[in-house]
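Participant:
In my numbering, the protein residues as written are 1203 to 1632.
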């Protein structure tokens, strides 16, 4: 695709620490602040505090630790997504991009001093234990979270596979904190899953945006077409629910797959290197077949790029709940000690110029949080065929009810998405 031929830093559009990475190199190495001078009074104050700590702190502390803590403080004071990564953190971040890492399987951020769950990752220990998007973690084992940095909290949650950790969680609607024990594991994230919902209608689930997500999407769509009777799809459900984001380039690749022209996303920041735009090539792989994109409050960043691009181009119907609202881009800048900083360098905008920072994507069709339940087995609705001496059908009768098996389970949004696709196709035929 055309954007892959550009020489540019690969950027993070992911929502959480330690999961998605891209390496932008020393993007700012030759950039000097314009029109500014060193704040000598502030530097004197820093030097004075440094000396007071060295002289009077209850325990002896090294210059290295003090300076590293100062760097961490500079970054965490900026925004929830900028952070300092030591050599170990940086390695774990790189592992996350490849889709395999150790831990619980949750994307997290900070809110009011607590760890906020952005989303549990599909099929991971946290997901299976019942952790939900929006949960606030207030204790990790016996450690109170209040006062920790996000990096410190992530370090505690990571650990040797097979070991347990107790999360104390506050959840909206619950009267008291919940205690959930999770067994750590090696997390292998399958970025793209797919299946046929009904003849001609495909389903693709993207759990996160990784290095190969674009390629995996094309492979999934090829398989779905092969499984369809006429080797083509009449419609597709693209499921981005609880997708915390990932690589910006992967989001562009996924959007490009369904668009044949126009702008996908553009970024704006203070320096020239942060100003980029990405356009689609002439290669809509579905040839205009209708798409419904499912999103919810756990859909963040790269997910919102895709949803926003397809919505602005009127290429898909966005269905579900208001998305997370992370509209910033992070760049990884390596240092000479093997570590790096993850720095927010730009905001991204949808093709129509919308910034969704702290706003999110508003679905075209808003669905409330509902849970489908089957009717009591004792209740059976009476139909024409149940009436005594009813007229028979000249084409022969068939017990349709006995053959109906809800292959979609009780996934209300997915059922609604499929129904909408069918409705669109009826209108297209007419």
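Glycine residues also receive a C-beta, built at the ideal position from the N, C-alpha and C atoms. Remember, it's a predicted structure, so these values are computed and weren't measured experimentally.
Whole beta strand (DSSP E) runs in the stretch 1489-1516 with 3 or more residues, listed along the chain?
Facilitator: 1493-1497
Participant: Kindly list the residues whose CB is nearer than 6 Å to the CB of residue 1466, restricted to its own chain and excluding five residues on each side of it in sequence; keep chain order.
Facilitator: Excluding sequence neighbours, residue 1466 sits near 1454, 1457, 1480, 1482 and 1511.
Participant: Please name the residue or residues paired with residue 1316 in a DSSP beta bridge.
Facilitator: 1313
Participant: When DSSP labels each residue in this structure, what does residue 1542 get in the three-state scheme?
Facilitator: Note: residue 1542 maps to strand in three-state DSSP.
Participant: Pull the bridge partners of residue 1378 from the DSSP assignment, please.
Facilitator: BP columns for residue 1378 are empty, so no partner.
Participant: On the premise that residue 1618 lies in contact with residue 1521, defined as a C-beta separation below 8 Å, what is that separation, rounded to the nearest angstrom?
Facilitator: 7 Å
Participant: Fully enclosed by the stretch 1411-1486, which alpha helix (DSSP H) runs are 4 residues long or longer?
Facilitator: As far as the stretch 1411-1486 is concerned, its whole alpha helix (DSSP H) runs of at least 4 residues are 1415-1429 and 1450-1460.
Participant: Could you pull the start and end residues of the alpha helix (DSSP H) that residue 1278 belongs to?
Facilitator: 1265-1278 is the extent of the alpha helix (DSSP H) around residue 1278.
Participant: Let me confirm a value: residue 1309 is counted as buried when at least 16 other C-beta atoms fall within 10 Å, else exposed. Which label applies?
Facilitator: Residue 1309 is classed as buried because its beta carbon has at least 16 other beta carbons within 10 Å across all chains shown.
Participant: Pick out whichever of 1529, 1431, 1411 and 1245 has its Cα sitting closest to the Cα of residue 1561.
Facilitator: 1529
Participant: Whole-angstrom Cβ separation of residue 1461 and residue 1615, contact assumed at under 8 Å?
Facilitator: 24 Å between Cβ atoms; not a contact.
Participant: From residue 1486 to residue 1589, what distance separates their C-alpha atoms?
Facilitator: 52 Å
Participant: Let me make sure I understand the geometry here. Which of 1390, 1339 and 1348 has the alpha-carbon closest to that of residue 1192?
Facilitator: Outside the modelled stretch of the chain, which goes from 1203 to 1632, sits residue 1192, for which no answer is possible.
Participant: May I ask you to report which of helix, strand or coil DSSP gives residue 1211?
Facilitator: Because the pLDDT at residue 1211 is just 41, under 50, the model does not fix this residue reliably, and the value given afterwards should be weighed accordingly. Correct three-state label for residue 1211: coil.
Participant: Quick one: give me the first and last residue of the alpha helix (DSSP H) that residue 1243 is part of.
Facilitator: Per DSSP, residue 1243 belongs to the alpha helix (DSSP H) from 1242-1258.
Participant: Going along the chain, which unbroken runs of the beta strand (DSSP E) with 3 or more residues stay wholly within the stretch 1318-1396?
Facilitator: Annotation note: the stretch 1318-1396 contains the following uninterrupted beta strand (DSSP E) runs of length 3 or greater, listed N- to C-terminal: 1338-1342, 1366-1372, 1380-1385 and 1387-1390.
Participant: Kindly identify the DSSP beta-bridge partner or partners of residue 1536.
Facilitator: Answer by DSSP bridge pairing, in chain order: 1542.
Participant: Contact check, residue 1546 vs residue 1284 under 8 Å by CB: the rounded distance?
Facilitator: 5 Å
Participant: Which residue or residues does DSSP assign as beta-bridge partners of residue 1548?
Facilitator: 1531
Participant: Leaving aside the five residues before and after residue 1397 along the sequence, list all residues of the same chain whose C-beta is less than 7 Å from its C-beta, in chain order.
Facilitator: 1405
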